[in-house]
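Undergrad: Read top to bottom, the protein sequences are chains Z, V and E.
Okay, so the first sequence: first residue is 12 according to our numbering, each after it adds one.
Okay, so the second sequence: first residue is 11 according to our numbering, each after it adds one.
Okay, so the third sequence: first residue is 18 according to our numbering, each after it adds one.
Take this structure first; my questions come after.
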Amino acid sequence: MRILINGLILFFILILTYLTSVFSKELIEEFPVPPPPFSEGIYPCSNCHASMDLNPKKRVLKDEHTNIQLHHAETLRWCLDCHYSKNRDKLRLYNGELIDFGRSYLLCGECHGNVFRDWKAGIHGKRQGYFIGGKRTYLLCVHCHDAHSPKFKGIKPEPPPLPPKVKRDVR
Amino acid sequence: MTKEEKEALIARLEERYLKKYKKKFRVGIEEAIQNTLWGYGLDLSRCIGCRRCVYACVEENNCSREKPQSQWIRVIRLKKGSLINLEDSEHYYNPELVPEKEFLYIPVQCQQCENPPCVRVCPVHATWKEPDGLVVVDYNWCIGCRYCIAACPYRGRIFNWGEPNVPPEHWNTSVHYLGNRPRMRNVVDKCTFCIQRVRMGRYPACVEVCPTGSRKFGNLLDPNSEIRYVIQNKRTFRLKEDLNTEPKFYYFFEA
Amino acid sequence: MSQSLRETLKETWRFYRKTLRLVLTGSKEYYLWCFLLLSIMIVGFLCYLPQLQKGLITTNMKDQVVWGLYISNFTYLVGVAAAAVLLVVPAYIYQFGPIKEIVVLGELFAASSIIMALLFVIVDLGRVDRFWHMLPWIGKMNFPSSLLAWDVIVLNVYLLLNLIIPIYLLVKTYYGKEPNKKFIVPLILFSIPMAVTIHTVTAFLYNGLPARPFWNASILAPRFLASAFCSGPAIIIIVFQILREYTFIKVEDRALFKIAELMAYAMFLNLFFLISEMFKEYYSNTVHIASLKYLYEGLHGHNLLVPWIWVGTLMNLIAFILFLFPITRQRLSTLNIGCILIIAGVWIEKGPGLVIPGFVPDPLGEIYEYIPNFRELFISFGIWATGFLIFTILMKVAIPIASGEFSHSRYEKEKMS
Numbered sequence: 012m013r014i015l016i017n018g019l020i021l022f023f024i025l026i027l028t029y030l031t032s033v034f035s036k037e038l039i040e041e042f043p044v045p046p047p048p049f050s051e052g053i054y055p056c057s058n059c060h061a062s063m064d065l066n067p068k069k070r071v072l073k074d075e076h077t078n079i080q081l082h083h084a085e086t087l088r089w090c091l092d093c094h095y096s097k098n099r100d101k102l103r104l105y106n107g108e109l110i111d112f113g114r115s116y117l118l119c120g121e122c123h124g125n126v127f128r129d130w131k132a133g134i135h136g137k138r139q140g141y142f143i144g145g146k147r148t149y150l151l152c153v154h155c156h157d158a159h160s161p162k163f164k165g166i167k168p169e170p171p172p173l174p175p176k177v178k179r180d181v182r
Numbered sequence: 011m012t013k014e015e016k017e018a019l020i021a022r023l024e025e026r027y028l029k030k031y032k033k034k035f036r037v038g039i040e041e042a043i044q045n046t047l048w049g050y051g052l053d054l055s056r057c058i059g060c061r062r063c064v065y066a067c068v069e070e071n072n073c074s075r076e077k078p079q080s081q082w083i084r085v086i087r088l089k090k091g092s093l094i095n096l097e098d099s100e101h102y103y104n105p106e107l108v109p110e111k112e113f114l115y116i117p118v119q120c121q122q123c124e125n126p127p128c129v130r131v132c133p134v135h136a137t138w139k140e141p142d143g144l145v146v147v148d149y150n151w152c153i154g155c156r157y158c159i160a161a162c163p164y165r166g167r168i169f170n171w172g173e174p175n176v177p178p179e180h181w182n183t184s185v186h187y188l189g190n191r192p193r194m195r196n197v198v199d200k201c202t203f204c205i206q207r208v209r210m211g212r213y214p215a216c217v218e219v220c221p222t223g224s225r226k227f228g229n230l231l232d233p234n235s236e237i238r239y240v241i242q243n244k245r246t247f248r249l250k251e252d253l254n255t256e257p258k259f260y261y262f263f264e265a
Numbered sequence: 018m019s020q021s022l023r024e025t026l027k028e029t030w031r032f033y034r035k036t037l038r039l040v041l042t043g044s045k046e047y048y049l050w051c052f053l054l055l056s057i058m059i060v061g062f063l064c065y066l067p068q069l070q071k072g073l074i075t076t077n078m079k080d081q082v083v084w085g086l087y088i089s090n091f092t093y094l095v096g097v098a099a100a101a102v103l104l105v106v107p108a109y110i111y112q113f114g115p116i117k118e119i120v121v122l123g124e125l126f127a128a129s130s131i132i133m134a135l136l137f138v139i140v141d142l143g144r145v146d147r148f149w150h151m152l153p154w155i156g157k158m159n160f161p162s163s164l165l166a167w168d169v170i171v172l173n174v175y176l177l178l179n180l181i182i183p184i185y186l187l188v189k190t191y192y193g194k195e196p197n198k199k200f201i202v203p204l205i206l207f208s209i210p211m212a213v214t215i216h217t218v219t220a221f222l223y224n225g226l227p228a229r230p231f232w233n234a235s236i237l238a239p240r241f242l243a244s245a246f247c248s249g250p251a252i253i254i255i256v257f258q259i260l261r262e263y264t265f266i267k268v269e270d271r272a273l274f275k276i277a278e279l280m281a282y283a284m285f286l287n288l289f290f291l292i293s294e295m296f297k298e299y300y301s302n303t304v305h306i307a308s309l310k311y312l313y314e315g316l317h318g319h320n321l322l323v324p325w326i327w328v329g330t331l332m333n334l335i336a337f338i339l340f341l342f343p344i345t346r347q348r349l350s351t352l353n354i355g356c357i358l359i360i361a362g363v364w365i366e367k368g369p370g371l372v373i374p375g376f377v378p379d380p381l382g383e384i385y386e387y388i389p390n391f392r393e394l395f396i397s398f399g400i401w402a403t404g405f406l407i408f409t410i411l412m413k414v415a416i417p418i419a420s421g422e423f424s425h426s427r428y429e430k431e432k433m434s
């Protein structure tokens, strides 16, 4: 009897692990991406942060990261909603899961679901490389959008074509 | 042509290019991939009119740089709200920064029509539609009458008014016979969706360079391709649909 | 070698020598005229060489306007060539006088015009070296899909007809024999629908392009024909007058007036078609009106062609009035003014007034105001001069044959003495 119960429990555990593994596979669908666009020398963040005390207060940063201006629903949140306070080398999802910077799209996708869906199909953002018989990579959201101030910045256009001019001479 | 004849032709061409341009070219003759029909999508709500595509195309496809300048992509600017009337388009806009608030940008290139009027009018069969839907030109057969340009409703065809002029260090030596191989003066050429790339499974140069990701490309016959996703999920339209040219170039807006 | 063959060869050789002498000798005016034409031709040719070498970049044509002065002239000349032959019909019906001479003259005139038209195509062609790609069998002609292929065929057939018929008639006259009616009459009759065909096909060449709304109007082919019936006869009236001044061919005034009357009808149709087109475009006022607006009133401040087309239309209108009323039609001075007005007016209307606005604005709305440069002008003059010279030389030989001055019996007589 005991053996039977043990066996049943084992069986259920087996099924459960199988199911979770399938589910989590579903959750962490892999999207090959190029390395995240960090500024030089800033990563790993823990080089500094591991030895720093945590100051969770919303404030203007004066000592470091002064170039970062939060213009992304800034009234609603603070840096640490995205960056994991205890380990800066990771990002934190809403449910508490930690992810690498190479998967930051999951973070963005939490709030921008529609865009994320398009992104996965290669429509929003873009994919590069080979679509047949070769490697194809996705650009991360942060390759195009600054995570802190994501509005697409204007750029200088390339020169216009040369307008046609009439020549009047025979040369 | 048989396979041997084709190979002999390619060898001759490569030798000629070596002599003329002092570069070792690889002239491809890859045939169309089975069960493909290439289609293109362009997101007008994201295009910012930066013209990166224009110059990436020129570089990739060995287009003449200046005197004559030949560009296969032309980006036109329209006031928002006047999309239909191309007559109000501005071709030479050059602001400090793009995008500009009140304008919309429409890049136009060969639309690879299923019903190409240019092919119909060519008097010598120098241009035709490949099985994968690409409209191509044999530059060695074109007689330079320019009837196809007159017949094209999209300005998809460009004439080499003089000897093409490419700085020696800028030659792209990976070419296709029906695509970006060096051209001669007084023949017509055109966008082929980068035939030399797409038949190898790579994205066209303009798709790859676009900084906003507005350009989409794929096989219309493959339900999982980007272009099919666009057609199914976005509001698409094609230029001058009333002409029944059936372009395979879909413009779309974020729904 | 048999006796008779040697005799024929000798005689043929003699014929050519005589012909050459005929061409090479003439009055002072003749020399002056030929010299003038030759020098224009040389200038034109010198202008053409760099174009051949460097490409069409040496012209003012651009990707926005890919056809210019050359194709304008081509279009006009096809019309002229068509009309010259169509004149045979009224000449026959109204008994204009020496019908055979008129046929010969009209067809040789048509042949010269077609040669000019073909030359204009050749200078417009980017790759002249690949001209043969267009020929049937040798090349790879896109027939029946391409209207340009059609045009090449019908123009060449027409040219051939217009050479065979007069040469046959002249050779028969040279030998003092009656032409074989069974052979030549069907050919002459065939050349009449062919004349309509070349013009219709040329019109369809433009007409069949939905990309260019300006040309994509059904009225285009009828307008082409109507205007051709004006310009061709206008030139012929002038040529007739020159010929009757200098040669034995005597065309009566009555015939000229009759032609002018026919031209008045044609011009009426032409103007009527124009009004129909104007009404449709302006009243419906769709986006397709842009080219017409560019032509007649200017578009976004670009109005290069506006003065031209109005002058051309005015010329046509004045000529119409002159030809409408018998008093002005039946006086040589006003008749000639009318002819010159029509020649110029229709040239503007069917040449630059038809070809260029088709490209303005271009399909993406760009406006490039094409105007030919001097090279294009000189090359065009050169081709016109070539055509005139060919016609002059043809006349120089044809007229003595037709008049009996230059004939086989003369040769026989010379041999006797």
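Glycine is no exception: its CB is placed at the ideal position from the N, C-alpha and C atoms.
Here the structure is a predicted model, which is why all the values come from computation and not from measurement.
Keeping to the same chain, check which residues put their C-beta closer than 6 Å to that of Gln139 (chain Z); ignore five residues upstream and five downstream.
TA: The residues are Thr148.
Undergrad: Residues in the region 140-169 of chain Z with C-beta within 8 Å of chain V's C-beta atoms, listed in sequence order?
TA: Gly140, Tyr141, Phe142, Ile143, Gly144, Gly145, Leu150, Cys155, Phe163, Gly165, Ile166, Lys167, Pro168 and Glu169
Undergrad: Quick one: does Tyr385 (chain E) have its CB under 8 Å from some CB of chain Z?
TA: yes
Undergrad: Is any beta-carbon of chain E found at less than 8 Å from that of Pro171 (chain Z)?
TA: no
Undergrad: Taking the alpha-carbon of Glu70 (chain V) as reference, which of V:Pro233, V:Met210 and V:Thr183 has the nearest alpha-carbon?
TA: Comparing Cα-Cα distances from Glu70 (chain V) to each of V:Pro233, V:Met210 and V:Thr183, the minimum goes to V:Thr183.
Undergrad: Residues of chain Z with a CB under 7 Å from the CB of Gln81 (chain E): which are they?
TA: Pro175
Undergrad: Leaving aside the five residues before and after Glu422 (chain E) along the sequence, list all residues of the same chain whose C-beta is less than 6 Å from its C-beta, in chain order.
TA: none
Undergrad: Which of the three DSSP states, helix, strand or coil, is assigned to Thr214 (chain E)?
TA: helix
Undergrad: Within 10 angstroms of its Cβ, does His317 (chain E) collect 16 or more other Cβ (buried), or is it exposed?
TA: exposed
Undergrad: Rounded to the nearest angstrom, how far is the Cβ of Glu393 (chain E) from that of Leu86 (chain E), given a contact under 8 Å?
TA: 5 Å
Undergrad: Given Leu19 (chain Z), which residues of its chain have a CB within under 6 Å of its CB, disregarding the five upstream and five downstream residues?
TA: none
Undergrad: Measure the C-alpha to C-alpha separation of Leu118 (chain Z) and Val126 (chain Z) and round it to an integer number of angstroms.
TA: 12 Å
Undergrad: Taking a cut of 9 Å between CB atoms, which residues from the region 198-218 of chain V lie near chain Z?
TA: Val208, Met210, Gly211, Arg212, Tyr213, Val217 and Glu218
Undergrad: Assess, as a yes-or-no matter, whether the region 25-44 of chain E is touched by the region 354-365 of chain E under the definition of 3 or more beta carbon pairs within less than 8 Å.
TA: no
Undergrad: Does any residue of chain Z bring its CB to less than 8 Å from the CB of Val64 (chain V)?
TA: yes
Undergrad: From the DSSP output, in three-state form, read off Gln206 (chain V) for me.
TA: helix
Undergrad: Kindly indicate the opening and closing residues of the alpha helix (DSSP H) around Tyr31 (chain V).
TA: Lys13 to Tyr31
Undergrad: Taking the C-alpha atoms as reference points, what is the distance between Phe126 (chain E) and Ile252 (chain E)?
TA: When rounded, the distance between both Cα atoms is 10 Å.
Undergrad: Assess contact between the region 46-58 of chain V and the region 108-119 of chain V, defined as three or more Cβ pairs (one per stretch) separated by less than 8 Å. Is contact present?
TA: yes
Undergrad: Could you tell me how far apart the beta carbons of Gly59 (chain V) and His186 (chain V) are, in whole angstroms, since I believe they sit closer than 8 Å?
TA: With a beta-carbon spacing of about 29 Å, Gly59 (chain V) and His186 (chain V) fall beyond the 8 Å limit used to define contacts.
Undergrad: Out of Z:Tyr105, Z:Lys167, Z:His83 and Z:Glu51, point me to the one whose CA is closest to His156 (chain Z)'s CA.
TA: Z:His83
Undergrad: Whose Cβ in chain E lies nearer than 7 Å to the Cβ of Glu15 (chain V)?
TA: Within 7 Å Cβ-Cβ: nothing; Glu15 (chain V) doesn't reach chain E, min ~16 Å.
Undergrad: Could you name the residues of chain E that Cys162 (chain V) contacts, counting a contact when the two beta carbons are closer than 8 Å?
TA: Ala228 and Pro380
Undergrad: Could you check if Gly52 (chain Z) is buried or exposed, using at least 16 other CB atoms within 10 Å of its CB as the buried criterion?
TA: By the 10 Å Cβ count, Gly52 (chain Z) comes out exposed.
Undergrad: Listed from N- to C-terminal order along the chain, which residues in the region 123-138 of chain Z have their beta-carbon within a distance smaller than 8 Å of any beta-carbon of chain V?
TA: Asp129, Ala132, Gly133, Ile134, His135, Gly136, Lys137 and Arg138
Undergrad: Buried or exposed, going by whether 16 or more other CB atoms sit within 10 Å of the CB of Trp84 (chain E)?
TA: buried
Undergrad: Output yes if chain V places a C-beta closer than 8 Å to the C-beta of Ile365 (chain E); else output no.
TA: With a threshold of 8 Å between beta carbons, Ile365 (chain E) makes no contact with chain V.
Undergrad: Which residues mark the beginning and the end of the beta strand (DSSP E) in which Ile407 (chain E) is found?
TA: No beta strand (DSSP E) holds Ile407 (chain E); the alpha helix (DSSP H) holding it covers Phe391 to Ser420.
Undergrad: For chain Z, check one thing: does any of its Cβ atoms lie closer than 8 Å to the Cβ of Glu106 (chain V)?
TA: Yes, because at least one Cβ of chain Z sits closer than 8 Å to the Cβ of Glu106 (chain V).
Undergrad: Which runs of the beta strand (DSSP E) at least 3 residues long sit entirely within the region 281-364 of chain E? Give them in chain order.
TA: none
Undergrad: So with Cβ pairs under 8 Å, would you call Ile159 (chain V) a contact of chain E?
TA: Flagged as an interface residue toward chain E: Ile159 (chain V), by a C-beta distance shorter than 8 Å.
Undergrad: Mind checking which residues open and close the beta strand (DSSP E) that includes Ser184 (chain V)?
TA: Ser184 to His186
Undergrad: Count the other CB atoms within 10 Å of the CB of Trp89 (chain Z); is the residue buried (16 or more) or exposed (fewer)?
TA: exposed
Undergrad: Check whether chain E comes within 8 Å of Ser283 (chain V), counting only Cβ atoms and requiring the distance to be less than that.
TA: Summary: the structure shown does not reach residue 283 (chain V), with chain V confined to residues 11 through 265, and so no result is reported for it.
Undergrad: Tell me whether Tyr149 (chain Z) sits in a helix, a strand or coil according to DSSP, three-state version.
TA: strand
Undergrad: Within the 8 Å Cβ cut-off, does Gly172 (chain V) reach chain E?
TA: yes
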